[in-house]
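The structure appears right after this line, and notes come after that.
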């Protein structure tokens, strides 16, 4: 039996996790390909015109999978482990997917506020006719793999922080950052312009004190950190990504960074709120900040110009 | 702009259609000095959207625009409720408005409270210093007024398409809302209420007229505030279409007080959506199902542009529309929308509704015979 996973939106919240989980349970996994023009066009065609760009891309991936597998896996993510909510648009994904495609949708509601995550996984296993022991084992393997990737990310982060190039922090949701087509290969463009782009989700939050990690000196500490240490966020987000981004910004401000680019997909309601506070944070610390909105009409040339101009301001 | 440090709070609050009157009286009865927010007009909308973050939803921009004139007149305290639960952006209206206004140079005290009875009570007590009984009295009077406003609105929906003299209902309504603002005593109020409904009954209508029915669903603010939705209710009424709308403050408060209402709604919409999507997303589906069952002739879905819950449920509403064949019109409202555009779409929709109504009529007669 083949389970299809659209490689967009919620996939990037836990990349590889679901893949490993289902493979471990003995299923074939079919990932939709990397986003391309055709997928975006398909998605835009079927989507509600006011839906956010990331959602439109998701529909495109879903349609690509339609008919190619036995099940399409669309989890209903409601809250994370810290009981903070995901974007409300994720809540309706399985229901809206059912309208769009003919392939049956495999779904389960993940809401630790109401039900323990282990139990949810057990229920998911039951739907696939797997007993709880198998599910538990698969879950452990998947989590282990995820941890491994996280550790590698952290290592890479410190390598990047140590580099001589001007460091640019890219602030956005993982589904905008990891999808190269969606963000118009911004990482490559910035690298060509001589910068070192760092994704905000690569920033480790609760890492042990910097002296412990190998290599000794970890980037130059910013002058006047007293401002940051006694910092209290002006707002408490009930969105997991809101809290995460704000926390990581505090962390990243400890290092010397040259500039920040925030990317948000057009019509993203949550970003309208978060952007205000993100921008304020960097303005307060006098770090150049660029806000870019992406959608299906964004041209690469226009993007390039703005990035070049931004890089020039840093010099 | 209030430059002087005034210790006495002068209160303004978020405007909300005809209900503004009730909110104002509530605050006044607590012994607070109130400067009511400005009526929503094009200036308020454009000023609000200039200050607000670009991608934010429309009601926030409008309410922000409504504060500004009141702030210029000397108000220094703003009331804002985090009312709609779930994951909707309404939760952050207060935070963003406070931030934007303070950046704009206004010195204000922003009271952003959650819509739980305890939180409301505490905030009111702290700001006004009123006693428990005074607060209770004011709240009871507030509900009385609210109920009357909603009843008048509902009656008008019935009267408007049936009146013999065009516009008589709306003239009376305008008069009533104007007078209602001045009444702040329980005794005066009951006399006024009786008088109003007597006057309403005097309007000549064709009582037995059968009319096509249209249900209004969608986001609560746009549905309830006639200045935002370009008076959709009135326009449809004058075209001899009876408008129904379930969404109002009482409905919303009932849901807050009796949480099992949510569960009933969830049960009804289970085949279509198995989760909340924030705001009143579920209610839109529930109401639409209800109207289809009641054999309505059209549904109008109103939402602020990019409203997250309503946009999420819209594909489901469209599916319902395709399944049942009921005419469906979805109107997104924001500062860019012009009345002419809405009018054109409404006119076309009215034709569709009337067609739908006349086409199904013979079938019904056939059944009856």
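Residue numbers (the working numbering), protein chains in the order written: chain A, 1239 to 1553; chain B, 0 to 368.
Quick reminder that beta carbons are idealized off the backbone N, C-alpha and C, glycines included.
| query | result |
| --- | --- |
| Figure out for me which residue from 1443(A), 1263(A), 1245(A) has the closest Cα to the Cα of residue 1297(A). | 1245(A) |
| Roughly how many whole angstroms lie between the Cα atoms of residue 219(B) and residue 1484(A)? | 31 Å |
| Using the Cα positions of residue 348(B) and residue 296(B), report the straight-line distance between them to the nearest angstrom. | 11 Å |
| In angstroms with no decimal places, state the Cα-to-Cα distance between residue 1466(A) and residue 1488(A). | A caution first: residue 1466(A) carries a pLDDT of 40, below 50, which makes its placement in the model too unreliable to give a value. |
| Determine, using beta-carbon pairs with one atom in the stretch 1518-1532 of chain A and one in the stretch 1268-1282 of chain A, whether at least three such pairs fall under 8 Å. | no |
| Unbroken alpha helix (DSSP H) runs of length 4 or more, entirely within the stretch 298-338 of chain B: which are they? | 307-323 |
| Residue 1552(A) and residue 1199(A) - do their beta-carbons sit closer together than 7 Å? | The question about residue 1199(A) has no answer, for chain A in this structure spans 1239 to 1553. |
| Out of 237(B), 283(B), 172(B), 354(B), which has the shortest C-alpha to C-alpha gap to residue 247(B)? | 283(B) |
| Compute the distance between the beta-carbons of residue 68(B) and residue 102(B), then report whether it is under 7 Å. | no |
| Quick one: using the 10 Å Cβ neighbour count with 16 as the cut-off for buried, is residue 410(B) buried or exposed? | The first residue shown for chain B is 0 and the last is 368, placing residue 410(B) beyond what the model contains. |
| Output yes if chain B places a C-beta closer than 7 Å to the C-beta of residue 1334(A); else output no. | yes |
| Tell me the residue span of the beta strand (DSSP E) that contains residue 79(B). | 76-81 |
| Identify whether residue 224(B) lies in helix, strand or coil by the three-state DSSP scheme. | coil |
| Give the C-beta separation of residue 281(B) and residue 264(B) to the nearest angstrom, bearing in mind that I take them to be a contact with Cβ-Cβ under 8 Å. | 5 Å |
| Determine the DSSP secondary structure at residue 108(B), reduced to helix, strand or coil. | strand |
| Classify residue 1306(A) as helix, strand or coil using the three-state DSSP reduction. | coil |
| Between which two residues does the beta strand (DSSP E) holding residue 212(B) run? | 212-217 |
| Quick one: what does DSSP say residue 1389(A) is sitting in, helix, strand or coil? | helix |
| Suppose contacts are defined by Cβ-Cβ distances below 7 Å. Is residue 65(B) in contact with residue 23(B) by that definition? | no |
| DSSP state of residue 1422(A), grouped into three classes? | coil |
| Expressed to the nearest angstrom, what Euclidean distance is found between the alpha-carbon atoms of residue 1479(A) and residue 1324(A)? | 7 Å |
| Indicate the three-state DSSP secondary structure (helix, strand or coil) for residue 140(B) in the structure shown. | helix |
| When the cut-off is 7 Å and only beta carbons count, does residue 313(B) lie next to chain A? | yes |
| Taking Cβ positions only, does residue 307(B) come closer than 7 Å to chain A? | yes |
| If the cut-off is 8 Å on Cβ atoms, which residues from the stretch 1292-1316 of chain A count as contacting chain B, listed in chain order? | 1314, 1316 |
| What's the C-alpha gap between residue 74(B) and residue 1336(A)? | 51 Å |
| Less than 8 Å between the CB atoms is what I'm expecting for residue 1290(A) and residue 1433(A), so what's the real figure, rounded? | Wrong, their Cβ atoms sit about 27 Å apart, outside the cutoff. |
| What is the DSSP secondary structure of residue 1312(A), reduced to helix, strand or coil? | coil |
| Give a yes or no on whether the minimum CB-CB distance between residue 111(B) and chain A is below 7 Å. | no |
| Just to confirm, are residue 305(B) and residue 1418(A) a CB contact at a threshold of 7 Å? | no |
| Taking only three categories from DSSP, how would you classify residue 173(B)? | helix |
| Residue 1502(A) bridges to which residues according to DSSP? | 1531(A) |
| Can you grab the Cα-Cα spacing for the pair residue 1258(A) / residue 1368(A), in whole Å? | 15 Å |
| Residue ranges of each alpha helix (DSSP H) run of no fewer than 4 residues wholly in the stretch 1348-1373 of chain A, ordered along the chain? | 1355-1365 |
| So if I threshold CB-CB distances at 7 Å, which residues from the stretch 1267-1289 of chain A count as touching chain B? | 1286, 1288, 1289 |
| Is it buried or exposed for residue 1342(A), if we count other Cβ within 10 angstroms and need 16 for buried? | exposed |
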